[in-house]
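Engineer: One structure coming up, written as structure tokens, with questions to follow.
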Amino acid sequence: MISDDMNIIDDESQTDVSAVTPLEPYVVRDCAGAFFVFTSNVDAHHHDWFRACEIRECHGSIELYQCGSRSGVPSCRGIWRAPIDFSFLVDKSTMLAPACVPAGTGEILDGSFAAESQTPVTAPCVGQVRGGGRPNLLRNMPAALIEQQQSCMQAFRKNHPACRFCGGPSRPAVLMFEDSGWQDVPSQRKRWASWKHNLKDLVRSRMECPHLQTSRAVRVAILEIGAGNRVRTVRDSSEECLHDFRETAKSAGAHVRLIRVNPDMPLADSEELAPDRPLGHLVISIMARGLEVLQKIHKA
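Going by this note's numbering, the residue at position 214 of the sequence shown is 269; the numbering climbs one at a time, nothing skipped.
And the structure:
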């Protein structure tokens, strides 16, 4: 989301280090300004380019781990960062990761582990992606807290990561289907909610403060790129934000638009936002791929 002439300061979202040490994966010390990313991607790529204070990962991240109680409900509360060099072995004949192999060797074994004809190949790992890698790999993801680093390293010594609290199995802190055990990052969720609240306060302040009424109206753009409808979290959130901000903006002379970039489904899902409806002008539909559109925006 982008808006003009904004400097949103949120004192309440400043992280209390003592409050997050036991449960949070890292501490975020700064605050978002005029921009915030809301994503359902779990690959943590946004941390390559955006600050942690302006990212909301609504389905979690594969860079974070949590207790993986077999009951489906985690027995330990808390989330921690995986080491950036963590990798594990997978037996390609079974597509299983055996528990008895030390972690960190960076290989995939083809066939059984006893076979003499095994040919190790480079394993997929953080930063190894199509297109030449990630030159800014996780540069903006804060490091694990010092008091957590030793226990985190111990938790990833084996091929099956362990819970840093109880020593049992752990799992990526990623929301799966029918997943009752997933743990969100509370401070990240709070930062997203606080930013939206402060944005609406800023819009209202332009009407309530006489010396601000003559300045240019606040303009809010919700830029949605490539969100499909199989998992509708992002599409639904975009339209909810559009309605929410519009209610505030229409009484304050502000402007809000949803720009939906999608080669297959660029139109709004809500009937009241259809092109032929009175609110249809609030949605700008672009039937194209995300990279193509971003490149054209950059050149404009």
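Even for Gly, the Cβ is constructed at its ideal location relative to N, Cα and C.
Could you give the distance in angstroms between the alpha-carbon of P191 and the alpha-carbon of D331?
Structural biologist: Position 136 of the sequence shown, counting from 1, holds the residue named residue 191. Position 276 of the sequence shown, counting from 1, holds the residue named residue 331. Before going further, note that residue 191 is Asn rather than Pro in the sequence given. Their backbone Cα atoms lie some 44 Å apart in a straight line.
Engineer: In the stretch 218 to 273, which residue ranges form an unbroken beta strand (DSSP E) of at least 3 residues, counting only runs that do not cross its ends?
Structural biologist: 225 to 229
Engineer: Based on DSSP bridge pairs, tell me the residues matched to W135.
Structural biologist: Within the sequence shown, numbered from 1, the residue matching residue 135 stands at position 80. DSSP, once it has assigned bridges, lists Y120 as partnering W135.
Engineer: T303 and V338 look like a contact to me (Cβ under 8 Å); what is the Cβ gap, rounded to whole Å?
Structural biologist: As a first step, residue 303 is located in the sequence shown; it is residue number 248 there, counting from the start. As a first step, residue 338 is located in the sequence shown; it is residue number 283 there, counting from the start. Between V338 and T303 the Cβ distance is about 18 Å, and since that is not below 8 Å, they are no contact.
Engineer: Could you tell me the boundaries of the alpha helix (DSSP H) in which L346 lies?
Structural biologist: For the purposes of this step, residue 346 is identified with residue 291 of the sequence shown, where counting begins at 1. From DSSP, the alpha helix (DSSP H) with L346 extends over G345 to K354.
Engineer: Can you say whether S148 is buried or exposed, counting buried as having 16 or more other CB atoms within 10 angstroms of its CB?
Structural biologist: Position 93 of the sequence shown, counting from 1, holds the residue named residue 148. Using a 10 angstroms sphere on the CB of S148, the tally of other CB atoms stays under 16, which defines it as exposed.
Engineer: Ordered along the chain, which non-local residues of its own chain (more than five positions away) have a Cβ less than 6 Å from that of V316?
Structural biologist: The residue given as residue 316 occupies position 261 in the sequence shown. Excluding positions up to five away in sequence, the list reads I280, I341, G345 and V348.
Engineer: Could you check whether P197 and Y81 sit closer than 7 Å to each other, using their CB atoms as the reference points?
Structural biologist: If you number the sequence shown from 1, residue 81 lands on position 26. If you number the sequence shown from 1, residue 197 lands on position 142. Yes, Cβ-Cβ distance for Y81 and P197 is below 7 Å.
Engineer: Quick check on L192 - is its C-beta less than 7 Å from some C-beta in chain D?
Structural biologist: The chain labelled as chain D is not found in the depicted structure, where only one protein chain is given.
Engineer: Check the C-beta distance from F91 over to W247 and give it rounded, since I have them as a contact under 8 Å.
Structural biologist: Counting from one through the sequence shown, the residue named residue 91 turns up at place 36. Counting from one through the sequence shown, the residue named residue 247 turns up at place 192. F91 to W247, Cβ: 7 Å. Contact.
Engineer: Can you tell me whether W104 is buried or exposed, with buried defined as 16 or more other CB within 10 angstroms of its CB?
Structural biologist: The residue given as residue 104 occupies position 49 in the sequence shown. When all chains shown are included, W104 counts as exposed.
Engineer: Over the uninterrupted alpha helix (DSSP H) stretch that includes S293, give me the two end residues.
Structural biologist: Against the sequence shown, residue 293 aligns to sequence position 238. Here the alpha helix (DSSP H) through S293 covers T288 to A304.
Engineer: Rounded to whole angstroms, what's the CA-CA distance from D85 to C108? Just pull it up for me.
Structural biologist: The sequence position of residue 85 within the sequence shown is 30, counting from 1. The sequence position of residue 108 within the sequence shown is 53, counting from 1. Those two C-alpha atoms are separated by around 6 Å.
Engineer: Determine whether the beta carbon atoms of E297 and L322 lie at a separation below 7 Å.
Structural biologist: Position 242 of the sequence shown, counting from 1, holds the residue named residue 297. Position 267 of the sequence shown, counting from 1, holds the residue named residue 322. A small fix is needed here, since residue 297 is Leu in this sequence, not Glu. Not in contact: L297 and L322 (Cβ atoms no closer than 7 Å).
Engineer: Taking S340 as part of the beta strand (DSSP E), name the residues at either end of that continuous run.
Structural biologist: Within the sequence shown, the letter at position 285 stands for residue 340. Its beta strand (DSSP E) spans residues V338 to I341.
Engineer: Tell me which residues share the same chain as R226 and place their Cβ nearer than 7 Å to its Cβ, disregarding the 5 neighbours each side in the sequence.
Structural biologist: In the sequence shown, counting from the first residue as 1, residue 226 sits at position 171. Result list for R226: Y120, Q121 and G123, in chain order.
Engineer: Over what stretch of residues does the alpha helix (DSSP H) that includes E202 continue unbroken?
Structural biologist: The count along the sequence shown starts at 1 and reaches residue 202 at position 147. E202 -> alpha helix (DSSP H) spans I201 to A210.
Engineer: Going by Cα to Cα distance, which pick from A217, C131, F220 and D239 is closest to H114?
Structural biologist: Looking up residue 114 in the sequence shown gives position 59. Closest by alpha carbon: D239.
Engineer: Looking at the unbroken beta strand (DSSP E) that takes in R111, where does it start and where does it end?
Structural biologist: Translated into the one-based positions of the sequence shown, residue 111 becomes position 56. Counting along the chain, the beta strand (DSSP E) containing R111 begins and ends at I110 to E112.
Engineer: What residue range does the beta strand (DSSP E) around T149 cover?
Structural biologist: Looking up residue 149 in the sequence shown gives position 94. Premise fails: T149 is in no beta strand (DSSP E) and is neither H nor E.
Engineer: Going by CA-CA distance only, name the one from H353, E202 and R290 that's closest to D324.
Structural biologist: Here residue 324 corresponds to residue number 269 of the sequence shown, with the count starting at 1. Selected option, being the one with the closest Cα: R290.
Engineer: Taking C-alpha atoms, which residue in D299, R301 and D98 lies nearest to A137?
Structural biologist: Numbered from 1 along the sequence shown, position 82 holds the residue referred to as residue 137. The candidate whose alpha carbon is nearest that of A137 is D98.
Engineer: For F220, which residues in the same chain have their Cβ closer than 7 Å to its Cβ, ignoring the five residues on either side in sequence?
Structural biologist: If you number the sequence shown from 1, residue 220 lands on position 165. Here the set comprises C122, C131 and G133.
Engineer: Would you call the CB atoms of A217 and A210 closer than 7 Å?
Structural biologist: To locate residue 217, count along the sequence shown from 1; it is residue 162. To locate residue 210, count along the sequence shown from 1; it is residue 155. Result yes, Cβ atoms of A217 and A210 sit closer than 7 Å.
Engineer: Rounded to the nearest angstrom, how far is the Cβ of Q243 from that of R106, given a contact under 8 Å?
Structural biologist: What you label residue 243 is simply residue 188 of the sequence shown in a count that begins at 1. What you label residue 106 is simply residue 51 of the sequence shown in a count that begins at 1. Taking a contact as a CB-CB distance under 8 Å, the pair Q243 and R106 does not count as one, their CB atoms being some 12 Å apart.
Engineer: What number of angstroms, rounded off, separates the C-alpha of P241 from the C-alpha of R212?
Structural biologist: As a working mapping, residue 241 is identified with position 186 in the sequence shown. As a working mapping, residue 212 is identified with position 157 in the sequence shown. Distance between the alpha carbons of P241 and R212: 27 Å.
Engineer: Just curious, the beta strand (DSSP E) that R312 is in, first and last residue?
Structural biologist: Indexing the sequence shown from 1 puts residue 312 at position 257. Looking at the DSSP string, the run of the beta strand (DSSP E) that includes R312 is H310 to V316.
Engineer: Given a cut-off of 7 Å, decide if N195 and H102 are closer than it, judged by their beta-carbon atoms.
Structural biologist: To locate residue 102, count along the sequence shown from 1; it is residue 47. To locate residue 195, count along the sequence shown from 1; it is residue 140. Contact: yes.
Engineer: Among R285, G335 and C264, which one has its Cα closest to the Cα of E294?
Structural biologist: Translated into the one-based positions of the sequence shown, residue 294 becomes position 239. Taking only the C-alpha atoms, the option nearest E294 is G335.
Engineer: For S116, I'd like the list of residues in its chain whose CB is within less than 6 Å of its CB, leaving aside the five on either flank, ordered along the chain.
Structural biologist: Here residue 116 corresponds to residue number 61 of the sequence shown, with the count starting at 1. Excluding residues within five positions, the ones whose Cβ falls inside 6 Å are V97 and A99.
Engineer: Measuring straight from C-alpha to C-alpha, what distance separates I201 and V83?
Structural biologist: Taking the sequence shown and counting its residues from 1, one reaches residue 201 at position 146. Taking the sequence shown and counting its residues from 1, one reaches residue 83 at position 28. Straight-line Cα distance between these residues: approximately 14 Å.
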